[in-house]
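Chemist: Below are the structure tokens for one structure; questions will follow.
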Amino acid sequence: MNSIEVNQLLDQMRAMTAQAQGVPAETNAVSGGDSFSSMFSNAINTVNDIQKQSGALARGFEQGNPDIALSDVMVASQKSSVAFEATIQVRNRLVEAYQAVMRMPI
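In case it helps, the numbering used here puts the sequence shown at residues 1 to 106.
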């Protein structure tokens, strides 16, 4: 996965999250938008919720719940995997940015 695909995936995830929350997709930090830390915390909590839902579906399927199809379990598992991978990529970019700032001469 190259950096363009990662950026496009992150943009799509942000748009879907904003749409699900009923918030306009584009917010401006100057006009009183959320702080970076709260946005990042919300994104991590969303990924955590997706992983919990995936785990609950998998457990239900393993226990023989007739209302849970294998396809639903697989789709939830893939969504969880993509969300977690995107989170890891964001973390990597933040670490790279931090290291670049720390290398700057004073």
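Backbone N, C-alpha and C define an ideal beta-carbon position, used for all residues, glycine too. Just so it is clear, the structure is predicted and the values come from calculations on it, not from any experiment.
Does the stretch 41-54 come close enough to the stretch 72-90 to have 3 or more Cβ pairs within less than 8 Å?
Modeler: Output reads yes: the stretch 72-90 touches the stretch 41-54.
Chemist: My output table needs one value for Met104: the three-state DSSP class, helix, strand or coil.
Modeler: Locating residue 104 in the sequence shown gives position 104, where the first residue counts as 1. Note: Met104 maps to coil in three-state DSSP.
Chemist: Determine the extent of the alpha helix (DSSP H) in which Ala56 is found, giving its start and end residues.
Modeler: Taking the sequence shown and counting its residues from 1, the one referred to as residue 56 is at position 56. Phe36 to Glu62 is the span of the alpha helix (DSSP H), which, as asked, contains Ala56.
Chemist: Using alpha carbons as the reference points, say which of Gln51, Gln21, Gln8 and Ile106 lies closest to Ala115.
Modeler: The displayed coordinates of the chain run from 1 to 106. Any statement about residue 115 would go beyond what the structure contains.
Chemist: If the criterion is Cβ atoms closer than 8 Å, does the pair Leu10 and Val90 meet it?
Modeler: Here residue 10 is taken as the residue at index 10 of the sequence shown, counted from 1. Here residue 90 is taken as the residue at index 90 of the sequence shown, counted from 1. Their beta carbons are under 8 Å apart, which means Leu10 touches Val90 by this criterion.
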